[in-house]
Amino acid sequence: MSWFKRNKAGIHTATENKKEAPDGMWNKCPNCKKPLLNVEQVENKFVCHYCDYHIRIGSTAYFSILFDNNEYTELFPNLKAGDPLNFVDSKPYKDRLVESQAKTGLNDALRSAVGKLDGQEIVVACMDFSFIGGSMGSVVGEKIARSIDYCIEHKLPFMLISKSGGARMMEAAFSLMQMAKTSAKLALLAQAKLPYICLLTDPTTGGVTASYAMLGDINIAEPGALIGFAGPRVIKETIKKDLPKGFQTSEFVLEHGFLDFIVDRRQLKEKVSTFLKLVK
Numbered sequence: 327m328s329w330f331k332r333n334k335a336g337i338h339t340a341t342e343n344k345k346e347a348p349d350g351m352w353n354k355c356p357n358c359k360k361p362l363l364n365v366e367q368v369e370n371k372f373v374c375h376y377c378d379y380h381i382r383i384g385s386t387a388y389f390s391i392l393f394d395n396n397e398y399t400e401l402f403p404n405l406k407a408g409d410p411l412n413f414v415d416s417k418p419y420k421d422r423l424v425e426s427q428a429k430t431g432l433n434d435a436l437r438s439a440v441g442k443l444d445g446q447e448i449v450v451a452c453m454d455f456s457f458i459g460g461s462m463g464s465v466v467g468e469k470i471a472r473s474i475d476y477c478i479e480h481k482l483p484f485m486l487i488s489k490s491g492g493a494r495m496m497e498a499a500f501s502l503m504q505m506a507k508t509s510a511k512l513a514l515l516a517q518a519k520l521p522y523i524c525l526l527t528d529p530t531t532g533g534v535t536a537s538y539a540m541l542g543d544i545n546i547a548e549p550g551a552l553i554g555f556a557g558p559r560v561i562k563e564t565i566k567k568d569l570p571k572g573f574q575t576s577e578f579v580l581e582h583g584f585l586d587f588i589v590d591r592r593q594l595k596e597k598v599s600t601f602l603k604l605v606k
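Using our numbering, you'd call the opening residue of the sequence shown number 327 and step up by one each time.
This is the structure we're talking about:
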């Protein structure tokens, strides 16, 4: 059995000859902890092929999943948040914005684009949790409002993918005003008889849930997504009672009538395409 043993001592491999996996080639599933090859993740729409866990992704990945041949035109890409309140917590809000923009390559927590989904033109707005927790600030509300205006002008359906921790506290009332602003714009979209599809992903909480995230003609969600207003810990501390098992998961929300259905990300494009054909 000598082939299992190193008979010669002092064998060394030169550093330049050592083989290492390039950064970003492998990831670990947050749920089952098994290693996932990045190429396979992309092919499987960022769903773990061991446990079907839906890995948290951003607008770039969602656009590649939804738009035909990943071809789209981004709308209003240059909008950036200001600092109307000169807000400072652990650091100035201006510095936090600059840091987030440099780290993520995004201008704010939402991107909007127009393209074709299964041959049907559509506007898709998608939130990015990596930018200050996907928080809803003035730019998020303005981009949604302008996207809806674009849909009305060009008679296109609108889809919004929500992924947010809620209103952006650094903008205070300016952030909360986006709830009313976006809801009013969605009312105009309904008057124009144009479909609005809302996809709730993990997590969708706070003022986003209390406004545009639950106003779709169809409200759909990914499996296992956290959906609610306040977090489970806050609710438990408030009511002083244990919460039901699976509380605020998309399955729990569906059971209680707040969703139309849950869709696996691998079937998302097909389901949205079918809905658009039915409402034509």
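Backbone N, C-alpha and C define an ideal beta-carbon position, used for all residues, glycine too.
Does DSSP put Arg-591 in a helix, a strand or coil?
The residue labelled residue 591 in the question sits at position 265 within the sequence shown. Note: Arg-591 maps to helix in three-state DSSP.
Please specify which runs of the alpha helix (DSSP H), each continuous and at least 4 residues long, are wholly inside the segment 518 to 595, giving them in chain order.
532 to 535, 558 to 565 and 576 to 581
At what residues does the beta strand (DSSP E) containing Arg-437 begin and finish?
Translated into the one-based positions of the sequence shown, residue 437 becomes position 111. Note, Arg-437: beta strand (DSSP E), 436 to 443.
Once you ignore the five residues that flank Ala-493 on each side, which residues in its own chain have a CB closer than 7 Å to its CB?
Mapped onto the sequence shown, residue 493 falls at position 167. Closer than 7 Å at the Cβ level, and outside the excluded window around Ala-493, lie Ser-461, Met-462, Ser-501, Leu-502, Gly-532 and Gly-533.
DSSP bridge partner residues for Tyr-476 (one or two, in chain order)
Counting from one through the sequence shown, the residue named residue 476 turns up at place 150. In DSSP, Tyr-476 forms no bridge with anything.
Paired residues, beta bridge with Leu-363 - DSSP
Against the sequence shown, residue 363 aligns to sequence position 37. Per DSSP, Trp-352.
Put Glu-468 into one of helix, strand or coil per three-state DSSP.
For the purposes of this step, residue 468 is taken as the residue at position 142 of the sequence shown. Here Glu-468 sits in helix by DSSP.
Which of the three DSSP states, helix, strand or coil, is assigned to Lys-489?
Start at 1 with the first residue of the sequence shown, and residue 489 comes out as number 163. Looking at Lys-489 - three-state DSSP - the assignment turns out to be strand.
Just mark Phe-587 as buried or exposed, buried being the case when its beta carbon has 16 or more other beta carbons within 10 Å.
Reading the sequence shown from its first residue, position 261 is the one you call residue 587. Label assigned to Phe-587: exposed.
Between Cys-358, Gln-517 and Gln-446, which has its C-alpha nearest Leu-604's C-alpha?
Residue mapping note: residue 604 aligns to position 278 of the sequence shown, counting from 1. Per the Cα distances, Gln-446.
Select from Pro-356, Thr-600 and Thr-535 the residue whose C-alpha is nearest the C-alpha of Leu-552.
Translated into the one-based positions of the sequence shown, residue 552 becomes position 226. Taking only the C-alpha atoms, the option nearest Leu-552 is Thr-535.
Taking 8 Å as the threshold (C-beta atoms), are Leu-515 and Ile-487 in contact?
The residue labelled residue 487 in the question sits at position 161 within the sequence shown. The residue labelled residue 515 in the question sits at position 189 within the sequence shown. Not closer than 8 Å, so no.
Tell me the residue span of the alpha helix (DSSP H) that contains Ala-451.
As a working note, residue 451 is residue 125 in the sequence shown. Per DSSP, Ala-451 belongs to no alpha helix (DSSP H); it is in the beta strand (DSSP E), 446 to 453.
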